[in-house]
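Asker: These protein sequences, in sequence, are chains H, X and G.
Heads up: the first sequence begins at 1 in my numbering, then just goes up one per residue.
Heads up: the second sequence begins at 1001 in my numbering, then just goes up one per residue.
Heads up: the third sequence begins at 2001 in my numbering, then just goes up one per residue.
We put the beta carbon where it would ideally sit given N, CA and C, even for glycine.
The model shown is predicted, which means the values in this text are computed figures rather than measured ones.
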Amino acid sequence: MLKNMKKRWIATLLLVPLILFCFGGLGFAEDTVESNAIAINTVWTLIAAFLVFFMQAGFAMVEAGFTRAKNAANIMMKNLMDFAVGSIAYWAVGFAVMFGTSVFGLFGRSGFFLSTGDPTTGEGLWQFAFWIFQAVFAATAATIVSGAMAERTKFSSYLTYSVFITAVIYPVVGHWIWGGGWLSAKGMIDFAGSTVVHSVGGWAALIGAILLGPRLGKYNKDGSSNAIRSHNIPLASLGVFILWFGWFGFNPGSTTAGTNLSIAVIAVTTNLAAAAGAIAAMATVWVQFGKPDTSMAMNGALAGLVAVTAGCANVSPLSAILIGAIAGIIVVFSVEFIDKVLRIDDPVGAISVHGVCGAWGTLAVGLFAQEPYGGTNGLFFGGGFSQLFIQIQGVVAVFLWVALTALILFGSIKRVIGLRVSKEDELKGLDISEHGMESYAGFQIFTTE
Amino acid sequence: MLKNMKKRWIATLLLVPLILFCFGGLGFAEDTVESNAIAINTVWTLIAAFLVFFMQAGFAMVEAGFTRAKNAANIMMKNLMDFAVGSIAYWAVGFAVMFGTSVFGLFGRSGFFLSTGDPTTGEGLWQFAFWIFQAVFAATAATIVSGAMAERTKFSSYLTYSVFITAVIYPVVGHWIWGGGWLSAKGMIDFAGSTVVHSVGGWAALIGAILLGPRLGKYNKDGSSNAIRSHNIPLASLGVFILWFGWFGFNPGSTTAGTNLSIAVIAVTTNLAAAAGAIAAMATVWVQFGKPDTSMAMNGALAGLVAVTAGCANVSPLSAILIGAIAGIIVVFSVEFIDKVLRIDDPVGAISVHGVCGAWGTLAVGLFAQEPYGGTNGLFFGGGFSQLFIQIQGVVAVFLWVALTALILFGSIKRVIGLRVSKEDELKGLDISEHGMESYAGFQIFTTE
Amino acid sequence: MLKNMKKRWIATLLLVPLILFCFGGLGFAEDTVESNAIAINTVWTLIAAFLVFFMQAGFAMVEAGFTRAKNAANIMMKNLMDFAVGSIAYWAVGFAVMFGTSVFGLFGRSGFFLSTGDPTTGEGLWQFAFWIFQAVFAATAATIVSGAMAERTKFSSYLTYSVFITAVIYPVVGHWIWGGGWLSAKGMIDFAGSTVVHSVGGWAALIGAILLGPRLGKYNKDGSSNAIRSHNIPLASLGVFILWFGWFGFNPGSTTAGTNLSIAVIAVTTNLAAAAGAIAAMATVWVQFGKPDTSMAMNGALAGLVAVTAGCANVSPLSAILIGAIAGIIVVFSVEFIDKVLRIDDPVGAISVHGVCGAWGTLAVGLFAQEPYGGTNGLFFGGGFSQLFIQIQGVVAVFLWVALTALILFGSIKRVIGLRVSKEDELKGLDISEHGMESYAGFQIFTTE
């Protein structure tokens, strides 16, 4: 989808070089229908990018809110700095790997340092708008990992892997599916990135959490799991609202064109899936544990959002509700399974929300896609198994790529500089040990938390 | 206003079916002046809807910040879930009741499950954009009630009444005034919903708070009132800033057209009324109690915003300042009156801010409307009493409808499942009793609060 | 830049009076290429203004988060009310002083009470959009001062000087550089206001902090400085994210035209400078003190944003990275220097971030400007010293103007009503002494903080 749009853009932009704003005292050229359309698309793409940027704040609040007070400043720092180093890494390398001239459909090899950006031509100006939109996506993939590895990861290691995820691991997947690579050639549909962004983050989180090991005190000798309590539910909730808000940039914005009126449909499917995810997760946990847990309802909303991200432009509102609701049920059981059965300590449920529900959402396109929405029919609408089969290939291939590279990445970091802080530092909290500060100076906080 | 716009939209959209984005490999059709105008309007309406969505976070933060720590997770849950169930209810029923084919000007009867949405036609695509904008409004009406009933309402009851407010009570009023109903036919002006949204929420809150009764410890045996303290002023303030921010979607967005340049005027009147409301409330409380109370200044800003919502497209900046300032004064006395004289316990002042100031703002259109702004003159600008008279009818009719239906709704819930938690649960706090969790685990919090 | 744009606007708008929305039952006029372009620009400018408005929340959160719990409600109140009184003051006076008919290039003298706004003409409607965009900028300048004077300033004095800054001090500088005044005539480049907004705020903060004196307990008898701890790092971080988010309205929005596609470049330079600033500040403080301090990284991001604000439309992405990185280094040393050597107590580093880095960014345009971006070459790109020389003049002139007027303003306030609260009130905290409330009722907070 993005690819098609890009082609059309290039065509349009080459036709209308004269209409562009001429710098250097030449003043504005005349407005035309074409120049207006380009302006609408640029404005839309930029505003969507701003909203997606703001999701960084959402991720930071959710992660900090769901963990302990003694690590909150560290979490803020991670979420700020992964965006900072991610922006630079994606500018220098990642964008080229993702959208550069393709090498056998595997990765791009041109456009390093945003060399395609040119303020004097139409296509060159568009590259800037396109880059900022893609850059905020890249940073999202990196920041997802943060949650699963919270409260015990060395800050320097965190910085290091953020660079590699935004420069290499994420952009390669992006190339495959959005940059004209081999999965794109097969016709895989992942409109706004259930797989490209969320599963990439989720699977990297999975490997990271495994290599890192659980937080001290998380598991007892008999293998049973202890709940480590969230220190700030209003903060986490605010984060969820911010993420939902930002998702309206993430999904509808992925048209990168305001003249593409499917943005309206996408806003609706996105919203309904989130609503259904929250309700389903709440109901599931209510039945299971007797009370409607706030954290799980919030994770359900996020699960719905992640799941609908792949198919938001290809499914009906009703299908979006079903996709979201199923994601809301999945996330409850997945969190339980990863915590109790696999015994992987994922403090915020990032693996379940982004990895598992991202995979579910990607497969769901093969089931629920409907021609009037995005041109393709899934299994449930007479399209047979073909699209589903492509989606499965994509999910599996991306899992393998991320698992492998994340293993190499985290494994190397573990060997060279170490992934984890010392026991003493973990007990003291990363705020003091890694950053020499407290998050809530003056407040009386129980030392055991 | 909205109605007229809708008509014009239908005309334009029927004329230009060819200009739409064609899915399924057909690529984009040519851009035209008309398609660009539609894109501008769609982009504008969507972004405004996103901003209004974000107001949910604002309401959550204000309500939680102004109440006690032991109920904060419950409040977050309520504000998340009323939006979730409200979205689904408005999709299934509410939208049809509000904008469907009118039955005697009383309610709509078509368009259930967003059946008017169609991704293959211009008008069908517009329905999606229009729906998301209306859905976030519906959720606002429901969420207003939450504040007045905070800290003692059963969560299951809360969910139940949220469904009915977004499916029936609110949409019927919306139909009367925005959906071509009888008040719309009379010429009532409520541009962005001082009455449709805010008074509906405020009056439902009034009935709910009466039926629910005050929080434990709120009133002494002699009838005097105790202040129950706010647990997080920065959180509440952030909420107010978010609401003010979101109101720029609420009011200017209500043109549902970016090509309607009155959006600029509306942004100005909205902002000035809020500013004047904050100043007036601060001054009033400063004179009255000797200190400029932060909470009251924040409520003053919200009062100004609520009041200008009806007339934001019909009054001058100076009139907006007067409307907002008067609302800022009203809110201080109204909060006092409801608390001390009526002895209704409204923890965040929702009845005063939304109900009373919503009514004031609606009447104010009949006083301050000026032809150059929105085509009508109010009493102070030579228009006589006619518009004011219509506005009064609207305010009274909506009050009666909401009071009656809310009484039936809350009364039935009270009988069937109960509105209120047990005394023990209220003392423990709803976070633990209703959701089995704490909001601020690890923090030392005085148990009496 | 803004000036040129304004001229073009006037021309366009005079040519197309017929295309405008006609109120009062006349319905919409036909859409044209020109009316669409105007709609795009209006929508863009309004949305950018909304984002800049939201920066008020960011400033409030940063200031409160970096100071003590006992003053948080006061800080919220200041940030709410400076925007409120600033909006009214800028409406009544400031806008006229800034953009009115010029008196010898020194200040404007027409357009008081937004008298240029007219809902019935194209240019008149545009004035409303332009005003709201400018009003939120004016409030930013005022709110910057708040941080440096936190935790000890009398609230009534704060209100008073906010009025004068938004009505006179800021608008005069704005007139010089953006309103057709003498610095604009010389060709000074300050695209979005490193000097106009940030340095004005920063230098006023400098004078204010000097006249006010340090907080009790800040300096020991031997002149050594004590750290006064931040009470809420997550709150401050959220503020930084909000500011970064809002800056995407501040800088790209300063085209006040969505049809000016340089908005895309500006978004990129803005983002990269912020990222580089955060990284550079983190690295600097890490080397210097052995740990990557979260607060300083956040200040680094803000420093990068402030610095690139002047040149965001005139420099390449690589130059933006350099400008931001240098700002990130500067801010660390500047904070240290002001605190330890000058012994001026600036609780949040506002003087360094906004004053010093604002000056640096303004000068940097004279070094890094590149013709393809904004039409001018700086020293490093073959433009010689001329632009740099103009920039220096601007920086010096603004410093002198603000220092002088701020001295008169704060000096007068000090004499007439007093700038500072009593020692007892400062120890108790301004929340209780100035506003009669607590920020975190129920939480156990150490009384010494």
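1. Between residue 272 of chain H and the rest of its own chain, which residues show a CB-CB distance below 6 Å, the 5 nearest in sequence each way excluded?
2. Quick check: the region 266 to 280 of chain H against the region 288 to 307 of chain H, are at least 3 beta-carbon pairs closer than 8 Å?
3. Does DSSP put residue 1003 of chain X in a helix, in a strand, or in coil?
4. From residue 364 of chain H to residue 266 of chain H, what does the alpha carbon distance come to, in whole angstroms?
5. Rounded to whole angstroms, what's the CA-CA distance from residue 1342 of chain X to residue 1396 of chain X? Just pull it up for me.
6. Could you confirm whether any beta carbon from chain X is found closer than 9 Å to the beta carbon of residue 2134 of chain G?
7. How long is the line joining the alpha carbons of residue 2077 of chain G and residue 2246 of chain G, rounded to whole angstroms?
8. Mapping DSSP to helix, strand and coil, what is residue 26 of chain H?
9. Can you name, in chain order, every residue of its own chain whose Cβ lies under 7 Å from the Cβ of residue 2285 of chain G, other than the five neighbours on each side?
10. State the start and end residues of the unbroken alpha helix (DSSP H) segment that holds residue 77 of chain H.
11. If the cut is a Cβ gap below 8 Å, which residues of chain H does residue 1036 of chain X touch?
12. May I ask you to report which of helix, strand or coil DSSP gives residue 1153 of chain X?
13. Assuming residue 1345 of chain X contacts residue 1209 of chain X (C-beta within less than 8 Å), just tell me the rounded distance between them.
14. From H:415, H:31 and H:405, pick the residue whose C-alpha is nearest to that of residue 169 of chain H; which is it?
15. Just how far apart, CA to CA, sit residue 2087 of chain G and residue 386 of chain H?
16. Determine, using beta carbons only, whether residue 1047 of chain X comes closer than 9 Å to chain H.
17. Would you say residue 1250 of chain X and residue 2080 of chain G are within 9 Å of each other, going by their C-beta atoms?
18. Which same chain residues, not among the five before or five after residue 414 of chain H, have their C-beta less than 7 Å away from its C-beta?
19. Per DSSP, residue 2105 of chain G is paired with what?
20. Within the chosen definition, does the region 1223 to 1243 of chain X reach the region 1360 to 1375 of chain X through at least 3 CB pairs nearer than 8 Å?
21. In chain G, which residues lie with their C-beta within 8 Å of the C-beta of residue 439 of chain H?
22. Establish whether the CB of residue 2317 of chain G and some CB of chain X are separated by less than 9 Å.
23. Just grab the DSSP bridge partners of residue 225 of chain H for me.
24. Between residue 2139 of chain G and residue 2091 of chain G, is the Cβ-Cβ spacing less than 9 Å?
25. List, from N- to C-terminal side, the alpha helix (DSSP H) runs of 4 residues or more that fit wholly inside the region 245 to 291 of chain H.
26. Answer yes if the region 1345 to 1360 of chain X comes into contact with the region 1212 to 1226 of chain X, meaning at least three C-beta pairs across the two stretches below 8 Å, and no otherwise.
27. What is the C-beta distance between residue 195 of chain H and residue 310 of chain H, in whole angstroms, given that I count them as a contact (C-beta under 8 Å)?
28. When you measure from the CB of residue 2287 of chain G to every non-hydrogen atom of the ligand NAD, does any distance come out below 8 Å?
29. Leaving aside the five residues before and after residue 235 of chain H along the sequence, list all residues of the same chain whose C-beta is less than 7 Å from its C-beta, in chain order.
30. In chain order, what residues of the same chain lie with their CB nearer than 8 Å to the CB of residue 2072 of chain G, ignoring the 5 residues before and after it?
31. Any idea if residue 2024 of chain G is buried or exposed, counting beta-carbon neighbours within 10 angstroms, 16 or more meaning buried?
32. Can you check which of these residues, X:1327, X:1312 and X:1408, is closest to residue 1298 of chain X by C-alpha distance?
33. For chain G, check one thing: does any of its Cβ atoms lie closer than 9 Å to the Cβ of residue 1244 of chain X?
34. Applying a beta-carbon distance threshold of less than 9 Å, which residues of chain G neighbour residue 1137 of chain X?
35. What number of angstroms, rounded off, separates the C-alpha of residue 417 of chain H from the C-alpha of residue 411 of chain H?
36. If you compare alpha carbons, which of G:2048, G:2130 and G:2419 is closest to residue 2157 of chain G?
Answerer: The relevant details are as follows:
1. The count along the first sequence starts at 1 and reaches residue 272 of chain H at position 272. Closer than 6 Å at the Cβ level, and outside the excluded window around residue 272 of chain H, lie 317, 320 and 321.
2. yes
3. Looking up residue 1003 of chain X in the second sequence gives position 3. Only weak support is given to the placement of residue 1003 of chain X: the predicted model assigns it a pLDDT of 41, under 50, and the question is left unresolved by the model.
4. Here residue 364 of chain H refers to the residue found at position 364 of the first sequence. Here residue 266 of chain H refers to the residue found at position 266 of the first sequence. Looking at the two C-alpha atoms, the distance is approximately 16 Å.
5. On the second sequence, residue 1342 of chain X is found 342 positions in, with the first residue counted as 1. On the second sequence, residue 1396 of chain X is found 396 positions in, with the first residue counted as 1. Taking the straight line joining both Cα atoms gives about 20 Å.
6. Indexing the third sequence from 1 puts residue 2134 of chain G at position 134. Answer no: the Cβ-Cβ gap between residue 2134 of chain G and chain X never drops below 9 Å.
7. Against the third sequence, residue 2077 of chain G aligns to sequence position 77. Against the third sequence, residue 2246 of chain G aligns to sequence position 246. Taking the straight line joining both Cα atoms gives about 20 Å.
8. For the purposes of this step, residue 26 of chain H is taken as residue 26 along the first sequence, with counting starting at 1. Model confidence at residue 26 of chain H stands at a pLDDT of 34, short of 50, so the residue's coordinates are unreliable and nothing is read from them.
9. As a first step, residue 2285 of chain G must be located in the third sequence, where it is residue number 285. Same-chain partners within the cutoff: 2292, 2293, 2296 and 2332.
10. In the first sequence, the residue the question calls residue 77 of chain H occupies position 77. Residue 77 of chain H -> alpha helix (DSSP H) spans 72 to 89.
11. Stepping through the second sequence from its first residue, residue 1036 of chain X is reached at position 36. The contacting residues are 33, 36, 37, 40 and 259.
12. Locating residue 1153 of chain X in the second sequence gives position 153, where the first residue counts as 1. The answer is strand: DSSP assigns residue 1153 of chain X an E or B state.
13. Within the second sequence, the letter at position 345 stands for residue 1345 of chain X. Within the second sequence, the letter at position 209 stands for residue 1209 of chain X. With 8 Å as the limit, residue 1345 of chain X and residue 1209 of chain X qualify as a contact, their Cβ atoms being about 6 Å apart.
14. As a position in the first sequence, residue 169 of chain H is number 169, starting the count at 1. Checking every option, the nearest Cα to that of residue 169 of chain H belongs to H:405.
15. Walking along the third sequence from the start, residue 2087 of chain G turns up at place 87. Walking along the first sequence from the start, residue 386 of chain H turns up at place 386. Approximately 59 Å, taken between the alpha carbons.
16. Walking along the second sequence from the start, residue 1047 of chain X turns up at place 47. Interface residue, yes.
17. The count along the second sequence starts at 1 and reaches residue 1250 of chain X at position 250. The count along the third sequence starts at 1 and reaches residue 2080 of chain G at position 80. For residue 1250 of chain X and residue 2080 of chain G, no; Cβs fall outside 9 Å.
18. Indexing the first sequence from 1 puts residue 414 of chain H at position 414. Excluding residues within five positions, the ones whose Cβ falls inside 7 Å are 211.
19. Taking the third sequence and counting its residues from 1, the one referred to as residue 2105 of chain G is at position 105. The partner list for residue 2105 of chain G (beta bridge, DSSP) is empty, contrary to what the question assumes.
20. no
21. What you label residue 439 of chain H is simply residue 439 of the first sequence in a count that begins at 1. Within chain G, the residues near residue 439 of chain H are 2232, 2233 and 2234.
22. Numbered from its first residue, the third sequence carries residue 2317 of chain G at position 317. No, because no Cβ of chain X sits closer than 9 Å to the Cβ of residue 2317 of chain G.
23. Here residue 225 of chain H refers to the residue found at position 225 of the first sequence. In DSSP, residue 225 of chain H forms a bridge with H:219.
24. Your numbering for residue 2139 of chain G matches position 139 in the third sequence. Your numbering for residue 2091 of chain G matches position 91 in the third sequence. In this structure, residue 2091 of chain G does not lie closer than 9 Å to residue 2139 of chain G by Cβ.
25. 262 to 289
26. yes
27. Locating residue 195 of chain H in the first sequence gives position 195, where the first residue counts as 1. Locating residue 310 of chain H in the first sequence gives position 310, where the first residue counts as 1. Contact holds; Cβ gap of about 6 Å.
28. With respect to the ligand NAD, the structure shown offers nothing to examine, as it has no ligands at all.
29. Residue numbering aside, residue 235 of chain H sits at position 235 when the first sequence is read from its first letter. Taken in chain order, the residues that qualify are 61, 64 and 65.
30. Reading the third sequence from its first residue, position 72 is the one you call residue 2072 of chain G. Hits under 8 Å: 2064, 2231, 2232, 2431, 2439 and 2440.
31. By 1-based counting over the third sequence, the position of residue 2024 of chain G is 24. At residue 2024 of chain G the pLDDT is 32, less than 50, meaning the model places this residue with poor confidence; the figure from the coordinates comes in the next sentence. That one is exposed.
32. Numbered from its first residue, the second sequence carries residue 1298 of chain X at position 298. Checked all of X:1327, X:1312 and X:1408; the closest Cα to residue 1298 of chain X is X:1327.
33. Against the second sequence, residue 1244 of chain X aligns to sequence position 244. Yes, because at least one Cβ of chain G sits closer than 9 Å to the Cβ of residue 1244 of chain X.
34. On the second sequence, position 137 is the one that residue 1137 of chain X refers to. Going along chain G, no residue has its Cβ under 9 Å from residue 1137 of chain X, so there is no contact; the nearest lies around 18 Å.
35. Reading the first sequence from its first residue, position 417 is the one you call residue 417 of chain H. Reading the first sequence from its first residue, position 411 is the one you call residue 411 of chain H. Using only the alpha carbons, I get a separation of about 10 Å.
36. Indexing the third sequence from 1 puts residue 2157 of chain G at position 157. Residue 2157 of chain G has its Cα closest to that of G:2419, out of G:2048, G:2130 and G:2419.
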